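Presented below is the structure to which this report refers.
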Amino acid sequence: MSALTGGFTDPAIQSAQGFRILMQAMAHPGTIHDLALAAPPAPLGRAAGTVLLLLADPTTPVHLAAPAPDLAEWLRFHAGCPLSDAETATLALGRWSDLQPLDRFPVGLPDYPDRSATLIVELDRLENDGPRLTGPGIKDHARLSLPETAAFRANHARAPMGLDFILTCGDQLACLPRSTIVEDC
Amino acid sequence: MSAPPDPRRDWLSLMARSAPERLAEVLPDLPAHALLRAPETGTVMVQGRVSATGAPFNLGEMTVTRCAIRLDCGTVGHGHVQGRSHAHARRAAVVDALMQTDEAPRLTPLLEGLRTTAQAARDLRAAKAAATRVEFFTLQRGEDA
Amino acid sequence: MYVAVKGGERAIDNAHAWLAEERRGDPDLPLMSVAQIRAQMTLAVNRVMAEGSLYDPDLAALAIRQARGDLIEAVFLIRAYRTTLPRLGASVPLDTGAMAVDRRVSATFKDLPGGQVLGPTFDYTHRLLDFAEAAAVDPAPLAQPDPAPLPHVTQILDRDGLIEPIAPDDSPAPDLTREPLELPACRALRLQALARGDEGFLLSLAYSTQRGYGRTHAFVGELRIGRVAVEMEIPELGFSIEIGEIELTECETVNQFKGSRLEPAQFTRGYGLVPGQSERKAIAMSLVDRALRWQELGEDFTGAPAQDAEFVLSHCDNIQATGFLEHIKLPHYVDFQAELELVRRLRADAHTALQEAAE
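Protein chains in written order, with the numbering used here: chain A, 223 to 407; chain B, 404 to 548; chain C, 9 to 367.
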């Protein structure tokens with residue numbers, strides 16, 4: 223039964239509201255936002271579930287990094303998205319360790335850097351501390367509790383190709399597009 | 404995909420193809436239900452095939468409205484109908500759920516009525532087409548004589 | 009260069025108010041209802057659905073009224089509305105062989121199985137204006153339908169190996185509404201572009217092939233118009249259901265054959281499929297489809313426009329075309345100022361040079 227509940231109750235309005243929050247988060251990397259318009263099956267957080275409903279549709283292959291039958295069923299009803307392997311995914315969801323190795327995901331082509339995957343990373347904590355972020359959309363610098371820095375630096379170095387990240391924890395999210403420069407501090 | 408598990412497929416298809424007003428006429432009152440997916444209008448990309456039988460290609464979209472509901476007894480119903488009528492999709496979903504309960508015998512004759520209406524419209528068109536059926540003759544040409 | 013322009017809000021509002029008044033026309037006349045347009049301007053509605061690439065007769069009729077009968081403007085309204093709708097999925101590929109036909113004719117076989125059915129056609133009308141057309145018409149005559157199936161004519165040729173075979177293929181269809189068009193484009197992608205392309209453009213291109221610019225010697229093997237059920241797989245159900253029924257026009261052409269010492273001669277195919285009753289476009293589409301296939305059929309590129317995929321696919325969409333064409337009437341003051349400056353300078357330079365030469 224849980225597969226059929228927990229979706230948007232007013233899809234047109236909630237999609238627009240949620241998308242705006244996500245866009246703000248992507249435009250200002252490292253800022254933390256509340257986004258909890260959908261209730262996916264446990265243990266997935268509401269922010270990650272909402273992001274999936276905002277971005278996934280029947281033309282968006284989604285890769286689930288760890289088996290999650292309840293979530294798969296939920297997505298099938300509420301998003302209608304196909305589930306895929308990492309190599310053909312446009313969206314991927316999982317914990318940082320489950321998403322490894324990252325080189326499985328499409329990073330786009332020089333002519334079409336947009337044909338790359340966006341990774342939704344579920345974290346145990348999401349705070350404005352830790353590695354230092356600079357780059358487009360960030361005034362001076364920001365800090366974000368990233369699981370590591372090397373992978374994000376390597377990703378940035380591929381510009382204009384690369385992956386984009388949406389980091390989620392419970393009802394909150396922050397974004398880390400490929401344009402952001404990540405440094406240890 | 405798996406073989407069609409009619410009769411559910413059958414009644415769902417009938418709901419989609421019935422005129423919204425006609426369906427509302429036949430089933431004016433709906434039992435209490437909860438919306439699992441509020442009626443939502445979107446598009447479905449209609450596919451044809453290259454030279455009728457080859458690779459699929461995208462012909463263009465059509466409007467479709469869908470809805471999912473749950474009756475108080477817990478039975479879930481899905482409605483997918485052509486066009487933009489929210490009431491139609493909702494009614495189709497309720498019928499889908501009811502047809503899975505012991506209400507089915509009461510509804511079956513009503514659905515038969517819808518089927519008869521749809522079939523009559525189709526037959527009428529076929530009869531008009533049949534009246535324009537033509538036999539062409541080739542006339543013998545002078546030089547062949 | 010694009011530079012934003014400000015101002016004129018009041019004039020724009022007033023222009024819109026006047027547009028609304030002109031659209032309504034004489035207030036003593038009743039407002040045309042959407043249902044009337046849908047029922048009596050059906051072929052205009054069909055054209056707007058086909059080129060708007062959205063099958064919804066009520067929306068198309070509404071768009072025609074709002075556009076004051078400008079069909080390209082109506083197509084524009086439909087395309088804009090379409091972008092506000094979520095895509096719920098794709099249908100199972102249509103089975104046009106199961107069409108409930110209103111019309112079915114063949115120019116190649118007079119005695120085809122299932123027979124020829126003229127349907128509600130303009131052919132054989134005298135094209136005389138009917139000044140006395142009555143509001144009420146007699147019902148059309150009826151006859152007993154033949155329940156026999158109506159095989160595609162090309163199947164008959166195919167059975168004898170006389171036409172190029174079409175291999176079964178379930179590769180996913182590329183979608184130019186999701187991915188920008190890239191060349192070379194496969195046949196499935198070309199057909200999508202043609203199906204939503206401008207009827208007038210396709211008509212002229214098809215005509216050009218008949219006049220020798222990429223000639224393909226087309227016969228209309230079969231033209232059929234009728235209704236086909238649309239099926240879709242519903243993920244939460246795990247099976248497919250009919251979600252509705254649409255009217256279609258399908259044209260299959262039988263074209264010039266190819267063959268060699270090793271390969272026996274075979275006819276080739278062109279294909280047209282258009283939503284609604286739109287046979288001029290379906291025939292044109294199948295001629296252009298065939299002309300675009302020169303490469304895969306080992307023919308020469310003769311430089312004909314209809315053979316040039318880039319030319320055809322980049323220019324067949326009337327919304328792209330009219331968008332780019334009509335935008336040049338909008339303010340370009342800054343661009344023009346730059347050009348004006350340049351011309352003045354060139355003239356001044358030339359003048360100075362002339363004077364210097366004279367001295």
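By construction, the Cβ of each residue, glycine as well, lies at the ideal position given by its N, Cα and C atoms.
The model shown is predicted, which means the values in this text are computed figures rather than measured ones.
Asked	Found
Is there a Cβ of chain B sitting closer than 8 Å to that of residue 160 of chain C, yes or no?	yes
Just to check my reading of the structure: residue 293 of chain C and residue 210 of chain C have Cβ atoms closer than 8 Å, yes? What is that Cβ distance to the nearest angstrom?	6 Å
Can you have a look at residue 144 of chain C and say buried or exposed, based on whether 16 or more other CB atoms are within 10 angstroms of its CB?	exposed
Flag residue 227 of chain A as yes if its beta-carbon sits less than 8 Å from any beta-carbon of chain B, otherwise no.	yes
Would you say residue 253 of chain A faces chain C, with C-beta separation under 8 Å as the test?	no
How many Å lie between residue 305 of chain C and residue 404 of chain A at the Cα?	54 Å
Report the rounded CA-to-CA distance for residue 165 of chain C versus residue 96 of chain C, giving the unit in angstroms.	38 Å
Strictly below 9 Å CB to CB, what residues from chain B border residue 232 of chain A?	441
Please classify residue 281 of chain C: does DSSP put it in a helix, a strand, or coil?	strand
Spell out whether any CB of chain A is found under 8 Å from the CB atom of residue 479 of chain B.	yes
Which residues bound the alpha helix (DSSP H) around residue 22 of chain C?	17 to 32
Report, in whole angstroms, the separation of the C-beta atoms of residue 214 of chain C and residue 296 of chain C, which I expect to be a contact under 8 Å.	5 Å
So which residues of chain A does residue 495 of chain B contact, with C-beta pairs closer than 8 Å?	Residues of chain A passing the Cβ test: none, with the nearest at roughly 17 Å.
Residues of chain C with CB closer than 8 Å to the CB of residue 298 of chain A, please, in chain order.	243 and 244
Give the single residue among A/296, A/283 and A/363 whose Cα lies nearest to the Cα of residue 311 of chain A.	A/283
Could one say the Cβ of residue 149 of chain C lies closer than 8 Å to chain A's Cβ atoms, at least one of them?	no
At what residues does the beta strand (DSSP E) containing residue 264 of chain C begin and finish?	247 to 266
CB-CB under 8 Å to residue 51 of chain C, same chain, minus the five flanking residues each way: which ones, in chain order?	284, 285 and 286
Here's a check: name, in chain order, each residue in its chain whose Cβ is nearer than 8 Å to the Cβ of residue 265 of chain C, leaving out the five neighbours to either side.	273, 274, 275 and 276
What residue range is occupied by the uninterrupted beta strand (DSSP E) comprising residue 250 of chain A?	Looking at the DSSP string, residue 250 of chain A is not in any beta strand (DSSP E), and its letter there is neither H nor E.
Beta carbon of residue 451 of chain B, beta carbon of residue 102 of chain C: below 8 Å?	yes
In three-state DSSP terms, what is residue 329 of chain A?	strand
When the Cα atoms are used, what is the spatial distance from residue 53 of chain C to residue 454 of chain B?	26 Å
For residue 252 of chain C and chain A, any beta-carbon pair shorter than 8 Å?	no
At the level of alpha carbons, what is the spacing between residue 358 of chain C and residue 340 of chain C?	27 Å
Roughly how far, in whole angstroms, is the beta-carbon of residue 590 of chain B from the beta-carbon of residue 468 of chain B, given that I think they are within contact range, below 8 Å?	No answer is possible for residue 590 of chain B: the residues shown for chain B start at 404 and end at 548.
Residue 108 of chain C lies in the beta strand (DSSP E); which residues open and close that run?	108 to 113
Tell me whether residue 151 of chain C is buried or exposed, calling it buried when 16 or more other Cβ atoms sit within 10 Å of its Cβ.	exposed
Please compile the residues from chain C whose C-beta is within a distance smaller than 8 Å of the C-beta of residue 280 of chain A.	95, 96, 97 and 98
Within the continuous alpha helix (DSSP H) that includes residue 241 of chain C, where are the two ends?	Note, residue 241 of chain C: premise wrong, no alpha helix (DSSP H); beta strand (DSSP E) at 227 to 242.
Show which residues of chain C have a CB atom less than 9 Å away from the CB atom of residue 502 of chain B.	Simply none; closest approach about 13 Å.
Under 8 Å, Cβ to Cβ, is there at least one residue of chain C near residue 302 of chain A?	yes
So, with DSSP's three-state summary, where would you put residue 275 of chain C?	strand
Output needed in chain order: residues of the region 448 to 476 of chain B with a Cβ under 8 Å from some Cβ in chain A.	471 and 473
Can you tell me which of the three DSSP states residue 413 of chain B falls into?	helix
Can you tell which of A/243, A/380 and A/248 has its C-alpha closest to the C-alpha of residue 259 of chain A?	A/243
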